[in-house]
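Asker:
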Amino acid sequence: MVVDCGGGTVDITIHEVERADERCPRVKEVAPASGGAWGSTSIDRCVFKLFEDVFGRNRYNQMMKDSLGHIQLQDDVERAKCSFNGEINPVIQLPDSLLNSTKNDLDTPNQAVSNYNRINQARLQLKVSDEDEFPQFSDHYSVKVIGIHSINIPMKGTGRITTGMLFGNTELRCKSVNELGEEVETALVLT
20 MVVDCGGGTV DITIHEVERA DERCPRVKEV APASGGAWGS TSIDRCVFKL FEDVFGRNRY
80 NQMMKDSLGH IQLQDDVERA KCSFNGEINP VIQLPDSLLN STKNDLDTPN QAVSNYNRIN
140 QARLQLKVSD EDEFPQFSDH YSVKVIGIHS INIPMKGTGR ITTGMLFGNT ELRCKSVNEL
200 GEEVETALVL T
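Its first residue numbered 20, the sequence shown is counted upward by one per residue in my numbering.
(1) Please classify I138 as buried or exposed, where buried requires at least 16 other C-beta atoms within 10 Å of its C-beta.
(2) Are D126 and N134 close, meaning C-beta to C-beta below 8 Å?
(3) What residue from K47, V46, D94 has the CA that sits closest to D63's CA?
(4) Do V29 and G55 have their C-beta atoms closer together than 8 Å?
(5) Can you give me the start and stop residues for the beta strand (DSSP E) that P51 sits inside?
(6) Out of curiosity, what's the CA-to-CA distance linking F103 and C65?
(7) Please tell me whether E48 and T60 are closer than 8 Å, where the distance is taken between their beta carbons.
(8) Use the C-beta contact count for L199: other C-beta atoms within 10 angstroms, 16 or more gives buried, fewer gives exposed.
(9) Do you know whose CA, among F74, K68, G25, lies nearest Q130's CA?
(10) So, helix, strand or coil for I31, using DSSP?
(11) Return the CA-CA distance between T210 and M83, expressed in angstroms with no decimal places.
(12) So E35 and V46 are supposed to be a Cβ contact under 8 Å. How far apart are they, rounded?
(13) So, under 8 Å CB-CB, L117 and F70 are touching, yes? Tell me the CB distance rounded to an integer number of Å.
(14) Could you tell me if A99 is buried or exposed, where buried requires 16 or more neighbouring beta carbons within 10 angstroms of its beta carbon?
(15) Closest by CA to L87, which one among C101, D115, G25, D72?
(16) Roughly how many angstroms lie between the CA atoms of N80 and C101, to the nearest whole one?
(17) Return the CA-CA distance between P51 and P128, expressed in angstroms with no decimal places.
See below:
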């Protein structure tokens, strides 16, 4: 069985070895290829949809506007996927922009989690982490916002630029607004 786990899909094929000769091996297909949209990016979309369902569109949209918080959450989701083995419960640290209440929110974040768990009793249950329980493989507790600044660059098509920095895998992300008012994002990963 060959399971090809790509970014967006997982493709599965089953072959039988007819001849195991090293010089001229032979295999035949036992079952036709199948699969679905079960890849890593599909999981990311489902996790972010879950956050929107639990905390509400207002808080979710606030978090999406917070470049550093959004990048930290993406990184934490990725770390949780990598550390998941069925025996431990990965902890995902949520950014303040998702947890902070606004005047348009009906529930506090803890109430939102309780309501979600009450409605979805047979499905995934969420837990608000104790303060002393830290996510595995995460250094986000040491991450500080260095600053957000605007730069005027004398290049055609470039307007406002916002930068955010994470240290660990060290990723630099730049968001800029071009002359058409479109937001453009670029990332540089230092390994």
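Backbone N, C-alpha and C define an ideal beta-carbon position, used for all residues, glycine too.
Remember, predicted model here, so these are calculated numbers, not experimental data.
Answerer: Based on what the coordinates show:
(1) The residue in question, I138, is exposed, as its Cβ has fewer than 16 Cβ neighbours within 10 Å.
(2) yes
(3) The shortest Cα separation from D63 among K47, V46, D94 belongs to D94.
(4) yes
(5) Looking at the DSSP string, the run of the beta strand (DSSP E) that includes P51 is 45 to 55.
(6) 16 Å
(7) It is not a contact, given that the beta carbons lie outside the stated cut-off.
(8) Exposed.
(9) F74
(10) strand
(11) Bear in mind that the predicted position of T210 carries a pLDDT of just 45, short of 50, making it too unreliable to give a figure here.
(12) 6 Å
(13) 7 Å
(14) buried
(15) D115
(16) 26 Å
(17) 46 Å
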